[in-house]
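Sequential numbering of the sequence shown, starting at 181, is according to this note's numbering.
Read through the structure below, which is laid out as structure tokens, and then see the notes.
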Amino acid sequence: MSYSDLSGSATGCTDILSITAEESYSQLSGTCIIECRSTTKQVGDSITAVINGTTVFTGFVKKVETLEPEFMARLSCNDPLIKAVDYFLASDDPEAPFQRNNISSLNLIKDLLTEASITNVTSTEPTPVFT
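Structure below.
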């Protein structure tokens, strides 16, 4: 049996103890738990986790905990899709509601995600037009 050393890093974190990244179709958003000795990150900050030179997660910090007596920080993070879950889409002006006509379902989804500041949506699949 052989073992290999893993090296991990995360933006704004020092002395990484563990990185656990999960992504699946059954989750609304990819998640990452980063445990480290210290961090400069706060809730809402962007973060990237790397293991052995490969980026395994890019997203946003959702929760920062200080664990005692271990004297370490645990960051709970989600990928950018969490913004769509967190963002409440409502018009600031009742006279100008969010509306679209004769638009493909893909373009409607893109427009809704743009409202939540998610603009890197791509797809090669054709979608039907609906009104």
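We treat Cβ as the ideally placed atom computed from N, Cα and C, and that holds for glycine.
Check                                                                                                                                                         : Outcome
Is the distance from the Cβ of C212 to the Cβ of A201 below 9 Å?                                                                                              : yes
Which parts of the region 230 to 310 are runs of the alpha helix (DSSP H), unbroken and 4 residues or longer, counting only runs that do not cross its ends?  : 262 to 266 and 285 to 295
Let's test the definition: count the other Cβ atoms within 10 Å of the Cβ of P260 and tell me whether it reaches 16, buried, or not, exposed.                 : buried
Leaving out the 5 sequence neighbours to the left and right, which residues in its chain are closer than 6 Å to E245 when beta-carbon positions are compared? : R254
Smallest Cα separation from A229: which of S198, E248 and S209?                                                                                               : S198
Mind checking F278: buried by the 16 CB within 10 Å criterion, or exposed?                                                                                    : exposed
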